[in-house]
Every structure is written in C-alpha cells, then in structure tokens.
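Here's the structure we're looking at; comments come further down.
If you want it as structure tokens, here you go:
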C-alpha cells in the first residue's frame with residue numbers, strides 16, 4: 003500500500019515514533035516557570051495555575067497534580083502543557099517521638115525517630131527567647147552544649163529532604179537546663195530546736211530552693227525563694243543533714259544538692275542536786291534532759307582554779323577538793339558529736355571544814 007503523497011508507510015511510522023518521543027521528552031534548556039505556582043506536600047505536587055496541565059514522573063501522572071509520591075524525595079517532573087521538566091522535591095514528613103533524654107547545667111540531649119519516607123539530615127534549632135542558634139545533624143540524636151544553667155530552651159527538629167534544601171514540618175520540645183548548685187552553704191545559728199542556714203545564689207538562673215532535712219529516720223522539706231532559712235521544731239541533741247537544691251523556673255528541674263550536717267543543742271539537765279559532800283569531795287546527780295545527748299561535761303571551780311571532766315552517767319563524785327571551800331559546779335549535756343553542748347545548769351556547795359561534820363551544817367544552793 004502507498005500513500006497518495008508518495009510517502010512510504012515505513013517513513014510515516016518512524017516519524018510518528020519520533021514525534022511521540024519528542025513529546026515524552028522535556029526540553030532541559032527550556033525555562034520552566036512553574037516555581038511560583040507549585041504547591042508541594044509530603045506526597046503531592048500540584049500546579050495550581052494550570053489545573054488541566056498533565057504532570058508526570060515515571061509511571062505516575064495526573065492533571066494538575068500528581069500524588070502518591072514518597073516524602074522527601076527528588077522527582078523529575080514533566081509539565082506537558084509547558085513542554086518543560088524540572089526537579090521537584092516533596093516535603094519530608096516530620097520527625098517522630100522527639101524527646102529529651104539528658105539534661106545538665108550546660109547541655110540538653112535529644113533523640114527522635116526517622117520520619118516516613120526520605121530525609122538526608124535534620125536542622126536543629128534552639129532558643130532561650132533572646133538568642134537563637136542552629137546546627138545540622140545526620141543522625142537521630144544531638145547533644146546541644148554551651149547552654150546557660152537554669153534557662154528554658156525551646157528546641158525544634160526539622161527533617162531536610164534529599165535535596166538538602168526542602169524542609170518538613172518542625173517538631174519542638176521545651177526543657178530547662180539544670181541550675182548550678184548553691185554556693186557557700188553554712189550554718190549561721192542553732193538552738194535546741196532550730197538550725198539556721200544561708201547560702202549564695204548559684205551562677206545562671208534559678209527561681210527557688212528546695213531545702214530538705216533528715217535525722218536519718220524522718221525527712222521533711224520546704225521551698226524558699228530567699229537564700230536563707232530557719233528550720234524549726236527539731237529535736238534537741240540530734241544530728242540533722244540538711245540539703246539545699248536550686249530549682250529552675252518550671253518548679254521541677256533541679257540542680258545538684260549541697261548538704262551540711264549539724265547537731266541541735268541538747269536540752270539542759272534536770273534536777274541537778276548535791277547528794278553528799280565531805281572535806282574533799284562533792285557528789286551530785288541529775289536527770290537526763292529531754293531529747294538526745296551522749297555525755298555530760300562537768301566543770302567545777304573555787305573561783306581561782308577550774309577543772310572539768312566528762313561522764314556518760316547521770317551522777318559524779320568530784321574528789322581532791324579543799325576543805326571548807328565553796329565550789330560552783332556546772333553540768334552540761336553534750337551531743338553525740340562530742341562538741342555541741344547545751345545550756346549549763348549549776349549548783350554551788352561548800353566542802354566540809356572538819357571530818358565527820360554533817361553536811362546540813364553548811365548551806366547549799368542551786369543556781370539556774
């Protein structure tokens with residue numbers, strides 16, 4: 003069979019095939035001005051100004067848009083109505099399970115799980131509300147350093163597509179860094195029932211202080227905003243360990259605790275009295291004070307010479323005294339540290355002038 007024009011069928015078939023190929027291939031030199039009207043999501047590319055334009059990539063095509071694409075991937079899109087093609091990248095999906103896994107006074111560590119689809123890296127940004135910084139991570143983890151203690155940071159993680167430009171939806175999390183520990187914690191005073199402390203504000207930020215005290219059995223705590231405290235309603239002669247911890251403005255994030263130990267003063271002994279005296283000795287006894295104590299410091303003086311000793315029982319016989327001399331004797335309860343003592347209780351008594359003299363011949367009295 004021959005065509006009237008004299009063109010062979012074979013020539014026509016070849017021409018038709020070449021025409022089809024020419025239509026299927028886009029012109030890489032042709033300026034594809036579709037950028038401003040392209041809308042890209044994670045799985046769809048839409049040419050909004052040409053809803054009837056045929057778009058295709060590989061075996062996927064559609065009029066005005068193509069869908070079912072992989073998030074974060076680079077596609078060679080043919081715009082048949084414009085007779086051009088260009089690379090278009092879909093948005094990556096957002097990262098999953100973003101969480102804080104570690105906090106210090108100067109760093110915050112995060113991790114997350116890789117989003118569905120493609121992504122080449124992650125843009126991590128953090129801000130304290132005044133200064134903003136960012137970094138790029140290629141793994142699903144980052145440790146952000148050089149932060150200020152006790153400050154809240156908001157951190158965003160954004161997946162970046164295979165083109166290293168196109169970004170997905172950001173996911174954020176907020177976290178305070180730990181406050182620094184307080185400085186110069188010290189005891190400023192103590193009684194039989196209270197202990198007073200002060201300290202200096204730590205470097206960085208903090209809003210309050212958690213003060214905790216324990217006698218080894220019972221633990222109590224309170225929160226203060228000032229840099230001092232008077233802890234009351236304590237038991238006499240007991241050792242308390244007291245810790246002070248700076249707390250951030252969220253009321254939750256705490257720094258490292260600093261602690262100090264102190265005994266309260268023992269109470270004074272009860273019913274101190276002279277039970278016997280001779281020309282060279284005076285015997286006394288008393289009752290154990292309320293609260294705790296481990297020993298008693300007994301001191302005696304004739305106004306010129308002073309001596310003392312320590313006993314654990316509630317009585318003593320003081321010997322080697324001078325006949326006919328008045329002695330002032332004080333008894334002081336001492337705590338288990340062997341140093342913290344309470345208020346002294348005193349009694350005065352003359353030794354006998356002669357042997358076998360009844361003690362009732364000489365006056366005795368009690369000094370409180």
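Numbering (the numbering used here), first residue to last: 3 to 370.
Idealized CB from N, CA, C, for every residue including glycine.
Decide if residue i is buried, meaning its Cβ has at least 16 other Cβ atoms within 10 Å, or exposed.
| i | result |
| --- | --- |
| residue 182 | buried |
| residue 53 | exposed |
| residue 340 | exposed |
| residue 295 | buried |
| residue 349 | buried |
| residue 23 | Caution applies to residue 23, whose pLDDT of 37 falls short of 50 and renders its modelled position unreliable; the value that the coordinates give is listed next. Exposed: under 16 other Cβ atoms inside 10 Å. |
| residue 2 | Since the first residue shown for the chain is 3 and the last is 370, residue 2 is missing from the structure and cannot be characterised. |
| residue 95 | buried |
| residue 1 | As displayed, the chain neither begins before 3 nor continues past 370, which places residue 1 out of reach and without an answer. |
| residue 177 | buried |
| residue 143 | exposed |
Output the distance between the C-alpha atoms of residue i and residue j, rounded to the nearest integer angstrom.
| i | j | result |
| --- | --- | --- |
| residue 41 | residue 66 | 11 Å |
| residue 111 | residue 253 | 20 Å |
| residue 77 | residue 47 | 10 Å |
| residue 345 | residue 270 | 5 Å |
| residue 192 | residue 205 | 28 Å |
| residue 256 | residue 229 | 16 Å |
| residue 197 | residue 261 | 13 Å |
| residue 319 | residue 273 | 16 Å |
| residue 114 | residue 103 | 10 Å |
| residue 353 | residue 313 | 22 Å |
| residue 300 | residue 243 | 29 Å |
| residue 338 | residue 293 | 12 Å |
| residue 351 | residue 231 | 44 Å |
| residue 342 | residue 336 | 6 Å |
| residue 129 | residue 107 | 16 Å |
Tell me the DSSP bridge mates of residue i?
| i | result |
| --- | --- |
| residue 178 | 154 |
| residue 1 | A question about residue 1 goes unanswered here, because the residues of the chain that appear run from 3 up to 370. |
| residue 124 | 139, 161 |
| residue 97 | In DSSP, residue 97 forms no bridge with anything. |
| residue 356 | In the DSSP output, where bridge partners are listed per residue, residue 356 has none listed. |
| residue 149 | Partner(s): none; residue 149 has no beta bridge. |
| residue 236 | Note: residue 236 sits in no beta bridge, so no partner. |
| residue 248 | 211 |
| residue 343 | 336 |
Can you tell which of the options has its C-alpha closest to the C-alpha of residue i?
| i | options | result |
| --- | --- | --- |
| residue 89 | 301, 164, 95, 51 | 164 |
| residue 84 | 217, 289, 56 | 56 |
| residue 59 | 50, 80, 134, 75 | 80 |
| residue 135 | 159, 122, 143 | 159 |
| residue 308 | 288, 316, 331, 198 | 331 |
| residue 210 | 217, 311, 201, 265 | 201 |
| residue 50 | 169, 245, 39 | 39 |
| residue 195 | 319, 266, 327, 144 | 266 |
| residue 199 | 263, 218, 157, 141 | 263 |
| residue 325 | 279, 311, 246 | 279 |
| residue 283 | 355, 96, 337 | 355 |
| residue 215 | 190, 241, 227, 207 | 241 |
| residue 45 | 82, 91, 34 | 91 |
| residue 189 | 226, 34, 233 | 233 |
| residue 125 | 305, 140, 299 | 140 |
| residue 246 | 186, 289, 276, 138 | 186 |
| residue 322 | 335, 152, 153, 303 | 303 |
How close, in whole Å, do the beta carbons of residue i and residue j come, if the pair is a contact with beta carbons under 8 Å?
| i | j | result |
| --- | --- | --- |
| residue 179 | residue 105 | 6 Å |
| residue 268 | residue 238 | 5 Å |
| residue 208 | residue 250 | 6 Å |
| residue 74 | residue 123 | The Cβ separation is near 11 Å, so there is no contact. |
With a threshold of 7 Å (Cβ to nearest heavy atom), would residue i be considered close to the ligand MG?
| i | result |
| --- | --- |
| residue 300 | Ligands in the displayed structure: none, and consequently the ligand MG is not present. |
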